[in-house]
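Below is one structure, written out as structure tokens; the observations come after it.
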Amino acid sequence: MDISQLRSFVAVAEAGSYIKASELLSVPQPTLSRQVRTLEIELRASLFHRHGRGVRLTDRGSRFIDYARSVLKTVDAALISVRDSDAVYAGDLTIGLTPSIGRILIPALAPRLKARFPLASVKLAEGLSGALYDKVLLGHLDFAVVLGPASSPSLSVEPLATEHLYLVGPQPAGGGGADIALAELVHLPLILPYGNQWTRPALEMAAARLGLGLKIALEIDSTASTIEIVAQGGGYSILPGSLRQLRSLPGLSWQKVVNPSLEAIICMISPTKLPRTELSLAAAALVQETLRELY
1 MDISQLRSFV AVAEAGSYIK ASELLSVPQP TLSRQVRTLE IELRASLFHR
51 HGRGVRLTDR GSRFIDYARS VLKTVDAALI SVRDSDAVYA GDLTIGLTPS
101 IGRILIPALA PRLKARFPLA SVKLAEGLSG ALYDKVLLGH LDFAVVLGPA
151 SSPSLSVEPL ATEHLYLVGP QPAGGGGADI ALAELVHLPL ILPYGNQWTR
201 PALEMAAARL GLGLKIALEI DSTASTIEIV AQGGGYSILP GSLRQLRSLP
251 GLSWQKVVNP SLEAIICMIS PTKLPRTELS LAAAALVQET LRELY
């Protein structure tokens, strides 16, 4: 097994076709086929299903590709680390952000990243906190900025800021004031994320401490879709205060949750068991600097 075989395998998997991968890598298609076949022989496993429009990963191929990407990332980091200082900040960088944080951070961060790291290929990926945790652990993201602390020995967690959580609805609830007590949420139809997204367990734990139950009307794993349904009168949701700029949407009210006050902790998470490039470390410092200016 060698690096060229791994690169060929990953390229074919991501392109979904030997022809497309051949064009992307500027490698003859027979060479790609031979490298992948050699890899399959060594692994004693078929990595692709062939079909009329290209290929797709087998179950074993799906398991192997994360390891292949991790190896390639380590090799690329090693190559970059021994280049001259001008090239240290070259290479690929992928940063994860939740939608609420991204809406505030990306407009200020993107031009700074481009100016500071002109040789780097930078990608900014949005997702909910739970999904970003998993992608950092798998090495698909260099690091991420998320809501709520993550508990994993494989993650380094650095708290950066806090923001209040708000009840968002088609019209004000309770007495209609700027604030609303947590106890007043019990009869409202709530639209919340499912799984390990931080805002939901924080809300449920706070309610449980008061002996209160919540009325979950709908579970949606998308902030944008949640906001649209709320705006249409489909229920209420709990969202970070950084999304208050969406008050321009007709029919949305924002009330700060109090008694107790709910706060989201903005954290930077990075892998502890995967190598960090100089580019990743420098970009993380720039993200922290930019975020602290905004919050």
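Numbering (the UniProt record's numbering), first residue to last: 1 to 295.
Just so you know, even glycine gets a beta-carbon here, dropped at the ideal spot from N, CA and C.
*Rounded C-beta distance between Leu-132 and Ser-280? I'm assuming under 8 Å.*
Between Leu-132 and Ser-280 the beta-carbon gap is near 15 Å, outside 8 Å, which marks them as no contact.
Fill in: Three-state secondary structure assigned by DSSP to Pro-118
coil
Notebook entry, point to check: Taking Cβ positions, are Pro-240 and Asp-221 nearer each other than 8 Å?
Noted result: no
Status (buried if at least 16 other CB within 10 Å, exposed otherwise) for Asp-59 = exposed
- Task: Report the residue from Ser-17, Lys-20, Glu-289, Ile-65 whose alpha carbon sits nearest the alpha carbon of Leu-6.
- Result: Ile-65
Three-state secondary structure (DSSP) of Ile-220 = coil
Exercise for review: With a cut-off of 8 Å on the beta carbons, I'd call residue 366 and Gly-16 a contact; round off their distance for me.
Suggested key: There is no way to answer for residue 366, as the model of the chain reaches only from 1 to 295.
request  = May I ask you to list the residues that DSSP assigns as paired with Trp-254?
outcome  = Val-168
Proximity below 8 Å, CB of Ala-206 to CB of Leu-188:
no
query = What are the boundary residues of the alpha helix (DSSP H) that Met-205 is part of?
reply = 199-209
Distance, Leu-286 Cα to Tyr-295 Cα
Rounded to whole angstroms, the gap between the alpha carbons of Tyr-295 and Leu-286 is 15 Å.
- Pick out whichever of Ile-238, Leu-212, Gln-171, Val-146 has its Cα sitting closest to the Cα of Ile-191. With distances taken between Cα atoms, Ile-191 lies closest to Ile-238.
| Which residue's Cα is closest to the Cα of Gly-263: Leu-124, Ile-3, Leu-165, Arg-200? | According to the sequence as given, residue 263 is Glu; it is not Gly. The shortest Cα separation from Glu-263 among Leu-124, Ile-3, Leu-165, Arg-200 belongs to Leu-165.
**Prompt:** Since Arg-34 is in the alpha helix (DSSP H), which residue starts that stretch and which ends it?
**Reply:** 29-43
query: Within 10 angstroms of its Cβ, does Asp-40 collect 16 or more other Cβ (buried), or is it exposed?
result: First, the amino acid is wrong: residue 40 is Glu here, not Asp. By the neighbour-count rule (16 or more Cβ atoms within 10 Å), Glu-40 is buried.
Open item on the list: For a test of the three-state rule: what should DSSP assign to Tyr-236, helix, strand or coil?
Closed with: strand
Just to confirm the assignment, what range does the alpha helix (DSSP H) spanning Val-146 have? First-last for Val-146: 143-147, but that is the beta strand (DSSP E), not the alpha helix (DSSP H).
When DSSP labels each residue in this structure, what does Ser-152 get in the three-state scheme?
-> In this structure, Ser-152 counts as coil in the three-state DSSP scheme.
Next item on the list: Give the DSSP-derived three-state secondary structure of Ala-173 in the structure shown.
Entry: coil
Q | Residues of its chain near Pro-159, where Cβ-Cβ distance is below 6 Å and the 5 sequence neighbours each way are ignored | A | Answer for Pro-159: Ile-265, Cys-267, listed in chain order.
Problem set entry | Option nearest Val-257 by Cα separation, candidates Val-230, Ile-216, Thr-199 | Thr-199
Does the distance from the C-beta atom of Gly-61 to that of Ala-13 stay below 8 Å?
yes
Worksheet item: If you compare alpha carbons, which of Ile-106, Ser-4, Gly-234 is closest to Lys-123?
Response: Comparing Cα-Cα distances from Lys-123 to each of Ile-106, Ser-4, Gly-234, the minimum goes to Ile-106.
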